[in-house]
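Structure first, commentary second.
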Amino acid sequence: MKIAQVVLDIPTQALDAPYTYLVAEEKTDDLEFDVAVGCVVLVPFGGRRACGFVVAIEDVSELDLARKMDPSKLKYVIGALGPAYFDEEGAACAQYLSERYIAPLSACVRLFTPPGGVPRMVRSRDGRWRLERPAVGEVDDRWVTAGPAFKDFRPRKNAAKQIAILEALEAGDLRAVELSAEFGAVASTLKALEAKGAIAIERRRRFRGDARLGRSFVPSAKPRLTEGQAAAVDAIAAAGAAARGETVLIDGVTGSGKTEVYLRAIESVVDAGRTAIVLVPEISLTPQTVARFRGRFGDRVAVMHSRMSQGERYDQWDFIRSGEARVVVGARSALFTPLSNLGLIIIDEEHEGSYKQDSAPRYHARDVALWMVRRAGATLVLGSATPSIESLHAAVKDPLWRAVVLPERANGRPLPQITVIDMAKEFGRGSRSMFSRTLANALEEELAAGHKAVLMLNQRGFAKFVLCRECGFVPSCPHCSTSLTYHEQGSYLACHHCGFRIPVPVTCPECSSPYLKKFGAGTQRVEADLRMLIDGFSSVASPVPIIRMDADTTKGKNAHQNLLDRFASADAAVLLGTQMIAKGLDFDDVTLVGVINADTMLNLPDYRAAERTFDLVEQVAGRAGRGKLPGRVMVQTYEADHAAIRAAAGYDRALFLRDELPKRKMLGYPPYVRMANVLVWGKDEKSVEAQAKALQRDLVRRVSEHGGSSWRVQDAVSCVLAKLRNTYRWHIVVKCPVDADIARVLLPLFRSRKADPHVSVAVDVDPNDLL
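Under this note's numbering, the first residue of the sequence shown is numbered 13, with each subsequent residue one higher.
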């Protein structure tokens, strides 16, 4: 007998294990696909049908099956609805994700399926369940080619369209849509020509948005490696030869040539017949980045990121499944593409918070990649100019980790000098501008010389909030516990969490006072003030373009690249943006970088605030002086004496760690502990509070029985952002020793817990923040 283990596509903690079904020995004529590991099947479940994913198939005797369960209670799989999306290794990874991150098993399995290409059961308005087929699939184009009678066929002299089409085909095959664009309606003409044998019409697979290079591809030149780069390449090669799933941390300053190290390492792996995955932060995944990998590996590179359409992502996913792709470049979800024979995973800018998923399963790409390479005997490479504290700690403590330092830029140019500007002193001297005199003077000098500047402010919008100067009223979001941000273009107030927006009130809604003051500065406000500042520079003759790059200006497809192209093509120009401009930009003529306010993240109530500030300042500083022209960096702050600011200004990580690590150890934060953040949310505030406190008592009981004396369960409290999108939010933090298996202790509690229809609960294991 053949049985299948099926994970039902129903996202709930209650369905924490696969269900067993019988598989018919012979496939019925009306079903196209075989039941196999990785495919979606239709199965009976309760009084209805459900979709599920096959994670295992085995042949068992009736006797062996009877020892485990009653065979008469087993039901048959109705049929497979598509081909296999993943293999046994993908199924094992989904199980690992579900257990480590205490997530519904079906949500973990779905990570391995194609974008928009999975059948599912949906409930109609009348309460009935129906099967919904995939919205996205392969696209076939109709191609017109020369038929067997092409050379001998002679159309009538007045058959103008037939003549034109045949003449066009002499140059090669053409798509029917191209002929329609050129000659108008051609359907009847093509049909007539096909009947005569003059042409043939066939369907060919089209890859949407695919940047294929063709057979004329010539790999890009390989620059000579520096001593540090060569050492990094050798370390990766040694780790690959050991085949123990080792991790190599490349600790290289901005501009040290980490990408070239990645390219050499990938080349060795591909030449050995294996494959590679390269993860980059979403905001760094620009055509410029992709071009470097395609320039070396051509059509063997697949790309996956969220700015692509669903159809484009499906085609790339299918390209990977075909086995033709040997290198996958993408954001964190690229980890789960169907790439076989994995030899190398590279995570660039490994310190980036975007590698942590913020919805179930709440995985961290670094930790999942580590599990994958140890299973496959592959190598994990982590690269950053500012490695995370956890990675630095692991490189010292874990024997399977090794660190390679690249202390100098690949072109031999020095790192730009960073000047810290104390805005409190500027204010004391009577300055009320958001631009210090030092920054304004430097900006005028560089623009007058025809150079470019990059200015960063990590706050989009025009002003952070609007305040009534008579009664103190601040317009806030009715759905979230946060003030509304003022946007000058369109004159509206908006919530950057849920998207709520209203027109700017003429008078105070509370006291009717007309004295409404805008406080704080967003990128729109900085752009307006910057325009006035630059237009007042006497030494800058021609108008200087200001290119603003934030979440508002990069919404459209290709908007990110279009803005960068404008910046690159201009002579003197200023790129103004949020943290998305802090990395991935490589322009030789950027000679000045200014941080408008380095305190934006520093004052967040989060234990990583200082680390993120240190990282951001060093990363954005690396955009200056990358070519032959010298660079300089100006950092404006009201906390000039803060260790993170001083350390970043001196490129002195040791200074930062000497200040930060004792605080982390004393207060009990990573890398000295592991944590789980239990999130509780719902529409009714009292119900959420009651559920959170009850859950805290259950956690205390569970930890005391199965954890240890060094485990801690903190009190249930409301989140910093206590209300979000009309839901009230509480959380409970659990801490344990760094070598403890926190999921093993907590998992049984959440698997057995009865769900509340009005209050949701989720567990964030190894959270990136506690906000």
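Each residue gets a CB set at the ideal place from its N, CA and C atoms; glycine is no exception.
What number of angstroms, rounded off, separates the C-alpha of SER772 from the C-alpha of PHE762?
In a straight line, the C-alpha of SER772 is about 12 Å away from that of PHE762.
Whole-angstrom distance between LEU186 and ARG217, CA atom to CA atom
Rounded to whole angstroms, ARG217 to LEU186 spans 14 Å at the Cα level.
Straight-line Cα distance separating GLU324 from GLY149:
Cα to Cα, the separation comes out at about 10 Å.
Count the other C-beta atoms from every protein chain shown that fall within 10 angstroms of the C-beta of GLU179, then say buried if there are 16 or more, exposed otherwise.
With fewer than 16 other Cβ atoms within 10 Å, it is exposed.
Simplified DSSP state of VAL757, which is helix, strand or coil
If DSSP states are grouped into helix, strand and coil, VAL757 belongs with the helices.
Cβ neighbours of THR125 in the same chain (closer than 7 Å, five flanking residues each side left out):
Correct list, in chain order: TYR97.
Can you give me the C-alpha to C-alpha distance between VAL607 and GLN631, rounded to a whole angstrom?
Whole-angstrom Cα-Cα distance: 11 Å.
Please list the segments of the beta strand (DSSP E) lying wholly inside the stretch 282-349, counting only runs of 3 or more residues, in order along the chain.
List check, beta strand (DSSP E) in window: 287-291, 313-316 and 339-342.
Hey, out of ARG220, GLU402 and ASP263, whose CA is closest to PHE331's CA?
Closest in alpha carbon position to PHE331, among ARG220, GLU402 and ASP263, is ARG220.
Report buried or exposed for ARG308, applying the criterion of at least 16 other Cβ atoms within 10 angstroms of its Cβ.
By the neighbour-count rule (16 or more Cβ atoms within 10 Å), ARG308 is buried.
What do you get for ALA622, buried or exposed, if any count of 16 or more other CB atoms within 10 angstroms of its CB means buried?
With 16 or more Cβ atoms within 10 Å of its Cβ, ALA622 is classed as buried.
Taking DSSP as the reference, what is the three-state secondary structure of THR201?
Annotated three-state conformation of THR201 is helix, per DSSP.
Selection from SER722, GLU717, TRP723 and VAL745 that minimises the alpha carbon distance to SER730
Nearest of SER722, GLU717, TRP723 and VAL745 to SER730, Cα basis: VAL745.
Candidates GLN573, THR494 and ALA377: which alpha carbon is nearest ILE593's?
Measuring from the Cα of ILE593, the nearest candidate turns out to be GLN573.
From CYS507 to LEU667, what distance separates their C-alpha atoms?
When rounded, the distance between both Cα atoms is 38 Å.
Coarse secondary structure for MET678, derived from DSSP in three states:
In the structure shown, MET678 adopts helical secondary structure according to DSSP, grouped into three states.
Please classify LEU736: does DSSP put it in a helix, a strand, or coil?
Strand.
Should VAL189 go down as buried or exposed, given a rule of 16 or more other Cβ atoms within 10 Å for buried?
Result: exposed.
Taking ASP598 as the reference, which of ARG638, GLN726 and PHE162 has the closest Cα?
When only C-alpha atoms are compared, the closest one is ARG638.
Give me the Cα-Cα distance between SER334 and LEU351, rounded to the nearest whole angstrom.
In a straight line, the C-alpha of SER334 is about 9 Å away from that of LEU351.
Does DSSP put CYS105 in a helix, in a strand, or in coil?
DSSP, reduced to helix, strand and coil, places CYS105 within a helical segment of the structure shown.
Using the C-alpha atoms, what's the distance from VAL629 back to LEU143?
LEU143 and VAL629 have their C-alpha atoms roughly 52 Å apart.
Can you tell me which of the three DSSP states ARG414 falls into?
Correct three-state label for ARG414: strand.
Is the beta carbon of ASP627 sitting closer than 8 Å to the one on THR398?
When the beta-carbon positions are compared, ASP627 and THR398 come within less than 8 Å of each other.
Thinking just about the alpha-carbon of each residue, which of TYR681, TYR663, GLY680 and ALA659 is nearest to the one in ASP671?
The option with the nearest alpha carbon to ASP671 is ALA659.
Every unbroken beta strand (DSSP E) within the stretch 38-124, with a cutoff of 3 residues, ordered by chain
Runs of beta strand (DSSP E) with 3 or more residues, each lying fully within the stretch 38-124, are found at 52-57 and 60-71, listed in chain order.
Measure the Cβ-Cβ separation of TYR31 and VAL89 and say whether it is below 8 Å.
Judged by their CB atoms, TYR31 and VAL89 are not nearer to each other than the 8 Å cut-off.
Any idea if VAL134 is buried or exposed, counting beta-carbon neighbours within 10 angstroms, 16 or more meaning buried?
VAL134 is exposed by the Cβ-count criterion.
CB of GLU362 within 8 Å of CB of SER403, strictly
Cβ atoms of GLU362 and SER403: closer than 8 Å.
If I measure Cβ to Cβ from ALA460 and keep anything under 6 Å in the same chain, skipping five residues before and after, which residues do I get?
Answer for ALA460: SER551 and VAL552, listed in chain order.
If you compare alpha carbons, which of GLY643, LEU736 and GLU239 is closest to ALA465?
The residue among GLY643, LEU736 and GLU239 with its C-alpha nearest the C-alpha of ALA465 is GLY643.
Assign ASN353 to one of three DSSP states: helix, strand, or coil.
In the structure shown, ASN353 sits in coil (DSSP, three-state: anything other than H, G, I, E or B).
Proximity winner among ALA104, LYS80 and PRO56, relative to VAL49 (alpha-carbon distances):
VAL49 has its Cα closest to that of ALA104, out of ALA104, LYS80 and PRO56.
Which value, in whole angstroms, describes the spacing of the CA atoms of LYS677 and VAL750?
Here the alpha carbons of VAL750 and LYS677 stand approximately 12 Å from one another.
Where DSSP assigns a beta bridge to GLN648, which residues make up the other side?
As DSSP reads the structure, GLN648 sits in a beta bridge with ILE433.
Using the beta-carbon count (16 or more within 10 Å), is LEU711 buried or exposed?
Note on LEU711: 16 or more other CB atoms within 10 angstroms of its CB, so buried under the neighbour-count rule.
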